[in-house]
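Following my numbering, the residues of the sequence shown are numbered contiguously, the last one being 179.
Note that CB positions come from ideal geometry on N, CA and C, so glycine has one too.
Just so you know, these numbers come straight off a predicted model, no measurement behind them.
One structure below.
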Amino acid sequence: MKDAEHWGWKKYPEGALILEGGNAAYYKTGGWRTDKPAWDEEKCTQCLICWISCPDSSIIVKDEKWDSFDYDHCKGCGICAKVCPADAISMHPEGGEE
């Protein structure tokens, strides 16, 4: 009889999981991106559509205004640039000039 059959699946710890809540903050996924967003303060109307649309919560808002990008978690998907009605966000190759 195999050990797994004798003891059952509960004997073995789950793999590749962090079981406590709030664990997404531990993983910096910004290294995946090939393009990086840049913000133009002069064009921005502070509508915050970018903040609403960002799937990674990588747009930081302070005092109800755009403050910065969380580049540790931004994956460079470009949704923020696509939805910005003022064209205040542009995408640039990672490591290139903004």
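| task | Less than 8 Å between the CB atoms is what I'm expecting for Ile170 and Trp132, so what's the real figure, rounded? | result | Your numbering for residue 170 matches position 89 in the sequence shown. Your numbering for residue 132 matches position 51 in the sequence shown. Ile170 to Trp132, Cβ: 11 Å. No contact.
| query | In chain order, what residues of the same chain have a beta carbon less than 7 Å from the beta carbon of Asp151, not counting five sequence neighbours either side? | reply | Residue 151 sits at position 70 when you count from the first residue of the sequence shown. Result list for Asp151: Ser139, Ile141, in chain order.
| field | Among Asp168, Thr110, Glu122, nearest to Ser149 - alpha-carbon criterion | value | Mapped onto the sequence shown, residue 149 falls at position 68. Comparing Cα positions, the closest option is Glu122.
| Closest residue to Ile130 among Ala105, Gly112, Ala162 (Cα-Cα distance) | Here residue 130 refers to the residue found at position 49 of the sequence shown. Nearest C-alpha to Ile130: Ala162.
| request: Look up Ala119 in the DSSP assignment and give the residues it is bridged to. | output: Along the sequence shown, read from residue 1 onward, the residue named residue 119 stands at position 38. Answer is Ser171.
| CB of Asp154 within 8 Å of CB of Thr115, strictly | The sequence position of residue 154 within the sequence shown is 73, counting from 1. The sequence position of residue 115 within the sequence shown is 34, counting from 1. According to the sequence shown, residue 154 is His rather than Asp. Contact: no.
| Under a Cβ-count criterion, where at least 16 other Cβ atoms within 10 Å of its own Cβ denotes burial, should Lys117 be classed as buried or exposed? | The residue you call residue 117 lines up with position 36 of the sequence shown. Label assigned to Lys117: buried.
| said: Let's see if you can read the secondary structure: which residues bound the beta strand (DSSP E) around Ser149? | reply: Your numbering for residue 149 matches position 68 in the sequence shown. Start and end: 146-150.
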